[in-house]
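Notes follow once the structure below has been shown.
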Amino acid sequence: FRYSARTWELVQKDGIAPHDSVGSNIHFHVKGERVKRVAPAENELINEVWLSDRDRFSYEGVYSDDRLQTPMIKEDGSWKEVDWETALDAVKEKLNGVIESHSAEQVGILASPSSTLEELYLLQKFSRDIGVNNIDTRLRQADFSDQDSVSQFPYLGQAVSELETLQSALVIGSNVRKEQPIINHRLRKAALKGAAIMLLNPVDYDYNYPLAAKSIVAPEQLSVELASILKAVLETSDGSIDAEAKQCVENANVTDTHRTIASKLIDSENAIVLLGNTATAHPQFSLLRTLAGLIAKISKSKLGYLSEAANTSGAWLAGAVPHRHAGGKECASVGLNSNEMVQAKLKAYVLLSVEPELDCWDSRAARTAMNDAELVVSLTAYRSDEIENYADVMLPISAFVETSGTYINNEGISQSFAGAVPPLGEARPAWKLLRVLGNTFNLDGFEYQSSADVSAEAIKIIGDIKAENMDHWRSPVAIEKNGAGLQRITETPMNMIDSICRRAVSLQQTDNVSDGAIHINTALADKNNLSDADTAKVEQDDSAVNLKVVIDDRVPDDCVLIQSAHPAQVDLGASFGSIRIGKA
């Protein structure tokens, strides 16, 4: 904010950081009706006095030129600004038209897991009241086969503050230093006190503390490595597993690395096994969960999840998933998950703070589904060429600094906040928009006066948050290896995870953004006669794009690392799978 305000002109307002599942406490420094800077607020149990760069600078995206400030409707292929009443009436007419013509099963609702508890609670309430059970926030996940077995929400496994007291930790499928900077800070404090931090990843990420062990393997080898670690744990302990699990480990090859990991976990009185973003996005997530759970159980460690977004936990508890009502109650009619929704090419989609082509596990299928739909209603703070191409109605909603709400972090702590500044233009907080939308559809139970009324109702239904991960997995299935060609690895850089970060100028000038390239190691580059100066033809399924080449020896043999949320890779499709490369 240099040269645009003096410190004594600023008013300090409290808030909660909206980009990861820690829930860092922050201060907004406001001049007039504009946020000028963000600083950390002290909370020893969560972020102490620290703050990630992403949470410090993302507010810049609030003032992007892309901000949508007026409701808009597409008529005869052209966009027209309208008033709120006209826009909401159009949504009612068009959405009811799809339901009457094709049934509610042909409507899908996709929401950002960074939305507030109030927004997600009202969204799922609206969705189910109009007969739509297809609602999900797990946008970057593909394997949902064990969703009925898991606990109330993806729980960290212990308090954030207690991570620094760990004696050992096995982190699976996570670039935790970038994805969860405050969690990484706690793990670093533990490591500097002598804790054994161990990693299993498909990319050799850089860490700022010593590691006791690490294994860097191709994505399909993650389950194989976990089976080997489980076998090593069984050999070192007196634990046992059922017959189906034994089939996963009977042919496992145990190395010194696996024995080191096993012994560190077993010998520690305070240990944890953590599953990160890459594990969650893996096509065999349920298998990874089971093997990790068995390792934790037999080694007497805790099991935890490094959830992706600010309100991943709140989304589960609010009922913004297809198989659970608010409070974790089972649904009689289970809807489609996010991946099934885009693969099914439904007739209509309602989007809350989502850019599907950048936010979904299969970017190509998501874009195709949006383009082919009869109706797309986008509740969004931003407009873009892509949104304008596939949407039929755009409703402007507030950014995180402009709304009140609640986030529940992955420890299960609920934190509420007020808006720091008024919304730009005619944008409205999404909870207000959803309340009025419920009234427009003549639904009962949408007579809220404030976001506090909404959160009070949601939290009453949720009740006591009883977080427990142990034994919340299913029996493993056989480990399968496709063995076909090169494997794609996909990561989402920390400053590309949502629509606000992608529009924050300072964050987009860092190295933590998508580069629209393929990252391959030296051996694979030599094998294909490629160099940093080349552009490669990259093929996945029946799609092909040209991407620049980056030689990156963090990537294991026969793998290609591609960063998501970049327009150049959208047409390739799924985040993991077989891929082919050659000189363009």
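When you read off a place in the sequence shown, starting at 1, and then add 2, the result is the number in the numbering used here.
Beta carbons are placed, not taken as given, at the ideal position from N, Cα and C, and that holds for glycine.
- A straight-line Cα-Cα distance of about 57 Å links residue 100 and residue 257.
- Proximity of the segment 420-434 to the segment 386-406 meets the contact definition, three or more beta-carbon pairs being nearer than 8 Å.
- Counting C-beta atoms within 10 angstroms of its own C-beta, residue 524 has fewer than 16 neighbours from the protein chains shown and is therefore classed as exposed.
- Within the segment 93-156, the runs of beta strand (DSSP E) at least 3 residues long that lie entirely inside it are, in chain order, 109-113.
- Contact annotation: residue 487 and residue 580 have beta-carbon atoms nearer than 9 Å.
- Of all alpha-carbon atoms in 511, 578, 555, the one lying nearest the alpha-carbon of residue 542 is that of 578.
- Within the segment 249-291, the alpha helix (DSSP H) runs of at least 4 residues that lie entirely inside it are, in chain order, 258-269, 279-283.
- Excluding the 5 residues flanking it on each side, residue 163 has same chain C-beta neighbours closer than 8 Å at 46, 47, 48, 188, in chain order.
- Where residue 392 is concerned, there is no enclosing beta strand (DSSP E), although the alpha helix (DSSP H) around it starts and stops at 387-392.
- The alpha-carbon separation between residue 241 and residue 300 amounts to approximately 5 Å.
- In the three-state reduction of the DSSP assignment, residue 456 falls in the helix class, which pools H, G and I.
- For the segment 156-189, the continuous alpha helix (DSSP H) assignments of 4+ residues that do not extend past its boundaries occur at 178-181, in sequence order.
- Under a 10 Å Cβ-count criterion, residue 196 is classified as exposed, with fewer than 16 other Cβ atoms of the shown protein chains found around its own Cβ.
- By the C-beta density criterion, residue 212 is exposed, having fewer than 16 other C-beta atoms within 10 angstroms.
- DSSP places residue 493 in the uninterrupted beta strand (DSSP E) bounded by 488-493.
- Exposed is the label assigned to residue 80, since fewer than 16 other Cβ atoms lie within 10 Å of its Cβ.
- In the same chain as residue 310, and ignoring 5 residues on each side of it, the C-beta atoms closer than 6 Å to its own belong to 279, in chain order.
- Annotation: residue 215 to residue 204 spans about 14 Å, alpha carbon to alpha carbon.
- Per the Cβ contact rule, the segment 102-113 is in contact with the segment 349-359 (3 or more Cβ pairs under 8 Å).
- Take the alpha-carbon of residue 389 and the one of residue 463: they are about 35 Å apart.
- Inter-residue distance for residue 210 and residue 556 is about 16 Å (C-alpha atoms, whole angstroms).
- When Cβ pairs closer than 8 Å are counted between the two stretches, the segment 333-346 is seen to touch the segment 364-374, the count reaching three or more.
- Under DSSP, residue 561 takes part in a beta bridge, and its partners are 489.
- Boundaries around residue 345 are those of the alpha helix (DSSP H), 340-346, since no beta strand (DSSP E) includes it.
- Taking C-beta separations shorter than 8 Å and ignoring five residues to either side along the sequence, the partners of residue 89 in its chain run 73, 74, 75, 395, 397, following chain order.
- Within the DSSP secondary-structure output, residue 83 pairs in a beta bridge with 74.
- DSSP, read as helix, strand or coil, puts residue 443 in coil.
- According to DSSP, residue 31 shares a beta bridge with 14, 39.
- Secondary structure at residue 451: coil, using DSSP grouped into helix, strand and coil.
- With contacts defined by Cβ atoms closer than 9 Å, residue 176 and residue 308 form a contacting pair.
- Cβ neighbours of residue 166 within its own chain (closer than 7 Å, five residues either side excluded): 188, 191, 192.
- In the DSSP annotation of this structure, the continuous segment of the beta strand (DSSP E) that includes residue 553 starts and ends at 545-553.
- DSSP, reduced to helix, strand and coil, places residue 398 within a strand of the structure shown.
- The beta carbon of residue 554 sits closer than 6 Å to the beta carbons of 521 from its chain, once the five residues preceding and following it are set aside; these are given in chain order.
- Listed as beta-bridge partners of residue 359 by DSSP are no residues whatsoever.
- Shown here, residue 523 sits in coil according to DSSP, grouped into three states, outside any helix or strand.
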